[in-house]
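*Asks:*
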Amino acid sequence: MNNKIGRRDFIKLAAVGTAVTTVTIAAKGNPLPEAEETSPYRWAMVIDQAKCVGCGECSLACQAHNDTRADAPWNRMIELEPLNGEAVYAPVPCMHCENAPCVDICPVGATYHRADGIVMMDYEKCIGCRYCQLACPYGARTFNWDANTAENTAVPEWGEPEIERRPRGVAEKCTFCFHRIDRGLAQGLMPGIDRQATPACVAACPTGARIFGDLNDPNSPVSLALAKYPSVRLRNDLGTNPRVYYLPARREEEVVEEGVS
Amino acid sequence: MNQKIKLHRFAFPVWAAVLALLMVAGLAAAITVFINGLVVTNLTDLVPWGLWIGIDLSAIALSAGAFTLSAAVYLFGWKQLQPLARTAVFVGFLGYTMAMLCLLMDIGRPDRFWHAIAFWNIHSPLWEVTMCVMFYFTVLLLEVLPIVGEASWFKARWPKLSHRLHGIHKYAPVLAIFGLGFSLLHQSSLGATYGVLKARPIWYKPSLAVLFIVSAVIGGLSLTVLSSKLAALFSERANVRDDILDKVSKVIGWMLFGYLYLRFWDTLGMEYTLEPGRTEGLHILTSGALAFNFWIGELLLGILVPAIILVTAKLRREPRLHLLALVLAVGGLVAYRWDTNIVGQMVAFSYLPTQLEPLYTAYKPALVEVLVGLGVIAYGLLAFTLGVRYLNVVDHSTLPEEVVEPAIMQPAVMPTD
C-alpha cells in the first residue's frame with residue numbers, strides 16, 4: 003500500500019482546491035452582506051399603556067389583515083399586574099430590534115433587515131429550522147406546524163387579508179404591516195398619520211394607545227410622544243434596541259386626554 | 067485470538083429482522099410526519115427543538131472518533147491505531163447520515179435542505195455547522211470509499227473500480243487535515259449554536275463550544291472502542307488487538323477526568339451570576355426535572371464511574387467492566403446533549419417588566435418522534451452490523467506486528483489471550 007503523496011499529486015490537489023475555491027467565490031460574489039440600500043425612514047411603534055384598555059381589537063385587526071391563525075397571533079395581548087386597582091395591558095408585537103438576534107442567526111438569511119429597519123421574513127427562503135424561535139427574547143415568532151386551512155374568524159368584521167397565507171413549515175411574525183407602509187408611501191400617504199398607510203393594529207386601536215411613525219422625523223407622532231413621556235423598551239439590557247417603545251401606565255390625572263398627535 | 071460469544075445460527079437473521087422492522091416502523095412514522103406536518107410531534111413554539119435534535123447532536127458527537135483517530139494516524143503518525151481509525155471512519159460516516167436523516171425530519175421544509183449552500187448568512191453558527199457538516203461528510207465519504215473498494219466481494223466483481231477506490235486512500239493524510247479542520251469547527255459551533263443565544267441565559271456562554279468539542283472527542287473514541295469490542299465479541303469476521311483498545315481506553319479515562327472538571331465548574335459556577343432565567347435553568351438541572359439526568363446520568367455514571375474504571379488497569383482489563391465503562395461514557399455524552407438542548411427551552415424568561423416569574427415549559431416526545439428516532443438508530447446499528455460482516459470494518463489483523471512498540475503497547479496482563 004502506497005501512502006505517500008508525490009509532489010505531482012500534491013500540486014494537482016492544490017490546483018483543484020484553488021480552482022474550486024475560486025469558482026465558488028466567483029459564483030457567490032462577496033459572501034459578506036452588501037452595503038444596505040438606504041432609506042429616509044426609521045419606523046417605530048409606541049404603545050401607551052395608560053390608554054390601552056386591553057380590548058384586543060389590535061390583535062383582531064392584525065389577524066384579519068395579515069391572515070394569521072387565531073391561536074398564534076402576531077400581536078399578543080398580555081394582562082399585567084394591576085396598578086392602583088386598574089388593569090394594565092401589554093400588547094406585544096415583534097420588536098423589530100435594531101440588533102435583532104433572529105437576523106444574526108438565521109442560517110439562510112430568511113429573516114433580514116429592510117433599510118427602514120423593519121425585520122422581514124422571506125418565506126421562500128425559510129427552511130423551518132426554528133432556530134429563530136430559540137433566539138428571539140420576546141417570543142415574537144410562530145411556526146406553521148401544519149397547513150393553515152382554517153377559516154379566519156376575524157374576517158370580514160375586522161378587515162380583509164392583505165397578504166398571502168404562509169405555507170406549512172416556515173416561521174412567521176409581525177412585519178409592521180410593511181405592505182400597508184409601502185402601498186401608502188407609493189400613494190403619497192404618510193404612515194402613522196394616514197390610516198391606510200399605518201399598521202393595521204395602530205389603525206384599529208379605539209383608544210389611540212398605539213402610535214406609529216418615523217423616528218427620523220422629529221415631528222412624527224412617535225417622536226413627539228417619546229419626547230413628551232418617559233418610555234421603556236422590553237429587555238433593553240439585552241442590547242437588542244427594540245423599535246417598539248412602551249409608555250408605562252401612569253396615574254389617571256397624568257394622562258393627556260387629547261392624545262399626542 | 068479474540069474471545070467470542072458463540073451465537074445461535076439464527077442470531078444474525080433475527081437481529082437484522084428486528085432492526086429492519088424498527089426501520090419500517092420509523093419510515094411509517096416519518097411518512098405520517100411528511101403528510102401531516104410537524105403538528106403531529108409534541109414540539110411547540112416554546113419547545114421547538116426536541117428528540118430528533120437530541121439524536122442529531124449525539125450522532126454527530128459520537129462520530130468524532132473519525133476525525134480524532136484519522137488525525138492521530140495520518141497527521142501524528144500513530145500508525146498502530148490505523149485499523150481503529152478505519153472503524154471510526156465507518157462509524158462516523160453512519161453517524162453523519164443518521165444526523166442528516168434526523169435533520170431532514172426536523173426542518174419544516176425538507177425540500178429546502180440545500181438553501182444553506184445557496185443563501186449564506188456567515189453570522190449564523192448554524193449556517194457554519196451546515197456547511198462544515200456537508201464538507202466533512204464529503205471527507206468521510208472519500209475515506210469510506212476505499213473501505214468499500216477493498217472488500218473482497220467488491221474486488222471480485224468490479225476489479226477496476228476497486229483499484230480506483232483503493233487509490234483514494236493515498237490522500238488519507240490530506241483528508242485527515244480537512245477532517246480535523248471541519249470537525250474542530252462544527253463540533254464546537256454546535257455548542258456555539260446554543261452558546262450565542264442571549265435569549266436563553268443558561269446557554270449564553272462561550273464555554274458551550276469548548277464542552278461540546280471535548281465531550282465529542284471522548285464520546286467518539288468511546289463509541290469506536292465499544293463498537294470494535296462488541297463486533298469482535300459477536301462476529302467471526304471481526305478481530306481486534308486488545309492491547310491497542312486497552313491503550314486508547316486508558317486515554318479516554320484520563321480525558322473523562324478532565325471533562326468532569328470542566329463540566330462541574332462550568333455548570334455550578336453559573337450559580338453566582340444570579341442572572342434571571344439562568345438561575346432557574348440551573349435549578350432545573352441540579353434539583354428539578356433534569357436533576358437525575360445531571361447528577362446520575364451525566365456526572366456519576368456518565369463520567370466518574372467510567373473514568374475510574376478506564377484509568378485503573380485492573381478494572382479496565384476485566385472485560386465486562388471495560389464494556390460497561392464504554393457504554394456509560396457513550397450514555398453520558400447522550401445525556402449531556404439531551405440536558406443541554408432541553409434545559410434552555412424549559413425556562414422561557416419573561417420579557418415583561420412586571421412579570422418576574424419565568425414561564426416554565428415541558429416536553430415529552432410523541433410516539434411518532436420516538437418511532438422515527440428508533441428507526442434512525444436501528445438503521446445505524448444494521449449498517450454497522452453489515453459493515454462488520456461484509457466490509458471488514460473491524461479488522462486489526464492487517465496490522466504488522468513490528469509497527470507496535472512492545473514496551474508501550476503490551477499491557478502486563480492480557481486476560482483475553
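In the order they appear, the protein sequences are chains P and A.
Letter 212 of the first sequence, counting from 1, is numbered 214 in our numbering, and no numbers are missing.
Letter 30 of the second sequence, counting from 1, is numbered 96 in our numbering, and no numbers are missing.
Glycine included, each C-beta is placed from N, C-alpha and C at the ideal position.
None of these values were measured; they are calculated from a predicted model.
Alpha carbon to alpha carbon, how far is A/Leu128 from A/Val84? Give it in angstroms, no decimals.
*Replies:* Numbered from its first residue, the second sequence carries residue 84 of chain A at position 18. Numbered from its first residue, the second sequence carries residue 128 of chain A at position 62. Those two C-alpha atoms are separated by around 23 angstroms.
*Asks:* I'd like to know whether the C-beta of P/Asn146 is nearer than 9 angstroms to at least one C-beta of chain A.
*Replies:* Here residue 146 of chain P is taken as the residue at index 144 of the first sequence, counted from 1. Yes, its Cβ sits closer than 9 angstroms to a Cβ of chain A.
*Asks:* Could you pull out every residue in the same chain whose Cβ sits closer than 7 angstroms to the Cβ of P/Val105, ignoring the five residues on either side in sequence?
*Replies:* Indexing the first sequence from 1 puts residue 105 of chain P at position 103. Around P/Val105: Thr113, Tyr114, His115 and Val121.
*Asks:* Determine whether the Cβ of A/Val105 lies closer than 9 angstroms to any Cβ atom of chain P.
*Replies:* Mapped onto the second sequence, residue 105 of chain A falls at position 39. Closer than 9 angstroms to some Cβ of chain P, the Cβ of A/Val105 qualifies, so yes.
*Asks:* Give a yes or no on whether the minimum CB-CB distance between A/Ser124 and chain P is below 9 angstroms.
*Replies:* On the second sequence, residue 124 of chain A is found 58 positions in, with the first residue counted as 1. No, because no Cβ of chain P sits closer than 9 angstroms to the Cβ of A/Ser124.
*Asks:* At the level of alpha carbons, what is the spacing between A/Tyr456 and A/Ala304?
*Replies:* Taking the first residue of the second sequence as 1, we reach residue 456 of chain A at position 390. Taking the first residue of the second sequence as 1, we reach residue 304 of chain A at position 238. Roughly 10 angstroms separates the two Cα atoms.
*Asks:* Taking Cβ positions only, does P/Tyr231 come closer than 9 angstroms to chain A?
*Replies:* Here residue 231 of chain P corresponds to residue number 229 of the first sequence, with the count starting at 1. So no, P/Tyr231 is outside the interface.
*Asks:* Is the shortest distance between the beta-carbon of P/Arg252 and the beta-carbons of chain A less than 9 angstroms?
*Replies:* As a working mapping, residue 252 of chain P is identified with position 250 in the first sequence. By this cut-off, P/Arg252 is not an interface position.
*Asks:* For a cutoff of 9 angstroms on Cβ pairs, would you count P/Glu83 as touching chain A?
*Replies:* By one-based count along the first sequence, residue 83 of chain P stands at place 81. Closer than 9 angstroms to some Cβ of chain A, the Cβ of P/Glu83 qualifies, so yes.
*Asks:* Could you list which residues in chain P have their beta carbon closer than 8 angstroms to that of A/Lys70, in chain order?
*Replies:* Counting from 1 along the second sequence, the entry for residue 70 of chain A is found at position 4. By Cβ distance, chain P contributes nothing, its closest Cβ being about 29 angstroms from A/Lys70, past 8 angstroms.
*Asks:* With distances taken between CB atoms, is the gap from P/Trp76 to P/Thr155 smaller than 9 angstroms?
*Replies:* Looking up residue 76 of chain P in the first sequence gives position 74. Looking up residue 155 of chain P in the first sequence gives position 153. Contact flag unset, no.
*Asks:* Fully enclosed by the region 347-410 of chain A, which alpha helix (DSSP H) runs are 4 residues long or longer?
*Replies:* Segments of the alpha helix (DSSP H) lying fully in the region 347-410 of chain A: 371-377 and 379-382.
*Asks:* Mind listing the chain P neighbours of A/Thr420? Cutoff is C-beta to C-beta under 7 angstroms, in chain order.
*Replies:* Residue numbering aside, residue 420 of chain A sits at position 354 when the second sequence is read from its first letter. By Cβ distance, chain P contributes Leu82 and Glu83.
*Asks:* Can you give me the start and stop residues for the alpha helix (DSSP H) that A/Trp331 sits inside?
*Replies:* Along the second sequence, read from residue 1 onward, the residue named residue 331 of chain A stands at position 265. Segment Asp308 to Leu334, the alpha helix (DSSP H) holding A/Trp331.
*Asks:* Measuring only the C-alpha atoms, how far is A/Leu399 from A/Ser281?
*Replies:* Against the second sequence, residue 399 of chain A aligns to sequence position 333. Against the second sequence, residue 281 of chain A aligns to sequence position 215. Taking the straight line from one Cα to the other gives about 7 angstroms.
*Asks:* Starting from P/Trp45 and walking both ways along the beta strand (DSSP E), at which residues does that stretch end?
*Replies:* As a position in the first sequence, residue 45 of chain P is number 43, starting the count at 1. Note, P/Trp45: beta strand (DSSP E), Trp45 to Asp50.
*Asks:* Name, please, each residue of chain A whose Cβ falls closer than 7 angstroms to the Cβ of P/Gln135.
*Replies:* Taking the first sequence and counting its residues from 1, one reaches residue 135 of chain P at position 133. Near P/Gln135 (Cβ distances below 7 angstroms), the residues of chain A are Asp111 and Pro114.
*Asks:* Helix, strand or coil for A/Val413 per DSSP?
*Replies:* Counting from 1 along the second sequence, the entry for residue 413 of chain A is found at position 347. Three-state DSSP puts A/Val413 in a strand.
*Asks:* Quick one: is A/Lys226 near chain P, going by C-beta distance under 9 angstroms?
*Replies:* Along the second sequence, one-based indexing puts residue 226 of chain A at 160. Closer than 9 angstroms: no.
*Asks:* Given that P/Cys108 touches chain A, what residues does it touch there, using C-beta distances under 7 angstroms?
*Replies:* Residue numbering aside, residue 108 of chain P sits at position 106 when the first sequence is read from its first letter. Result: Asn187 and Ser190.
*Asks:* Under three-state DSSP, which class holds P/Phe214?
*Replies:* As a working mapping, residue 214 of chain P is identified with position 212 in the first sequence. In this structure, P/Phe214 counts as strand in the three-state DSSP scheme.
*Asks:* Taking C-alpha atoms, which residue in A/Cys198, A/Ile97, A/Lys221 and A/Gly397 lies nearest to A/Leu246?
*Replies:* In the second sequence, the residue the question calls residue 246 of chain A occupies position 180. Of the listed residues, the one whose Cα sits closest to A/Leu246 is A/Cys198.
*Asks:* For A/Val262, which residues in chain P fall below 9 angstroms Cβ to Cβ?
*Replies:* One-based indexing of the second sequence puts residue 262 of chain A at position 196. Going along chain P in sequence order, the residues near A/Val262 (Cβ under 9 angstroms) are Pro103, Asp106, Ile107 and Ala137.
*Asks:* Between the alpha carbons of A/His235 and P/Asp148, how many angstroms are there, rounded?
*Replies:* As a position in the second sequence, residue 235 of chain A is number 169, starting the count at 1. As a position in the first sequence, residue 148 of chain P is number 146, starting the count at 1. If you take the alpha carbons of A/His235 and P/Asp148, they lie about 47 angstroms apart.
*Asks:* Cβ of A/Gln253 less than 9 angstroms from any chain P Cβ?
*Replies:* Position 187 of the second sequence holds residue 253 of chain A. No, its Cβ sits nowhere closer than 9 angstroms to a Cβ of chain P.
*Asks:* Of all Cβ atoms in chain A, is any one closer than 9 angstroms to the Cβ of P/Leu240?
*Replies:* Translated into positions along the first sequence, residue 240 of chain P becomes position 238. Chain A, which has a Cβ nearer than 9 angstroms to the Cβ of P/Leu240, makes this yes.
*Asks:* Would you mind giving the Cβ-Cβ distance between A/Val550 and A/Gln148, rounded to the nearest angstrom? I have them listed as a contact below 8 angstroms.
*Replies:* Given a span of 67 to 483 for chain A in the structure shown, any question on residue 550 of chain A remains unanswerable.
*Asks:* For a contact defined as C-beta to C-beta under 7 angstroms, what are the partners of A/His181 on chain P?
*Replies:* Position 115 of the second sequence, counting from 1, holds the residue named residue 181 of chain A. Result: Val110, Lys127 and Ile129.
*Asks:* Should A/Val291 and A/Ile268 be called a contact, given that it needs their Cβ atoms to be closer than 9 angstroms?
*Replies:* For the purposes of this step, residue 291 of chain A is taken as residue 225 along the second sequence, with counting starting at 1. For the purposes of this step, residue 268 of chain A is taken as residue 202 along the second sequence, with counting starting at 1. No, the Cβ-Cβ distance between A/Val291 and A/Ile268 is not below 9 angstroms.
*Asks:* Cutting at 7 angstroms between CB atoms, please list the residues of its own chain near A/Leu289, excluding the five before and the five after it.
*Replies:* Against the second sequence, residue 289 of chain A aligns to sequence position 223. Within the same chain, A/Leu289 has close Cβ partners Leu128, Gly131, Val157 and Val396.
*Asks:* Suppose only complete runs of 4+ residues qualify. What are the alpha helix (DSSP H) ranges in the region 49-100 of chain P, listed by chain order?
*Replies:* Counting whole runs of 4 or more residues, the region 49-100 of chain P contains the alpha helix (DSSP H) stretches 59-67.
*Asks:* In this structure, how does DSSP classify P/Glu174 when only helix, strand and coil are distinguished?
*Replies:* Residue mapping note: residue 174 of chain P aligns to position 172 of the first sequence, counting from 1. P/Glu174 falls in the strand class under three-state DSSP.
*Asks:* Answer with buried or exposed for A/Phe76, where buried requires no fewer than 16 other C-beta atoms within 10 angstroms of its C-beta.
*Replies:* What you label residue 76 of chain A is simply residue 10 of the second sequence in a count that begins at 1. The residue in question, A/Phe76, is exposed, as its Cβ has fewer than 16 Cβ neighbours within 10 Å.
*Asks:* Would you kindly work out how many angstroms separate the C-alpha atoms of A/Ile279 and A/Thr196, rounded to a whole number?
*Replies:* One-based indexing of the second sequence puts residue 279 of chain A at position 213. One-based indexing of the second sequence puts residue 196 of chain A at position 130. Distance between the alpha carbons of A/Ile279 and A/Thr196 is about 16 angstroms.
*Asks:* Would you call P/Glu126 buried or exposed, if buried means 16 or more other Cβ atoms sit within 10 Å of its Cβ?
*Replies:* Indexing the first sequence from 1 puts residue 126 of chain P at position 124. By the 10 Å Cβ count, P/Glu126 comes out exposed.
*Asks:* Exposed or buried, which one is A/Gly446 when buried takes at least 16 other CB atoms within 10 Å?
*Replies:* Translated into the one-based positions of the second sequence, residue 446 of chain A becomes position 380. Buried.
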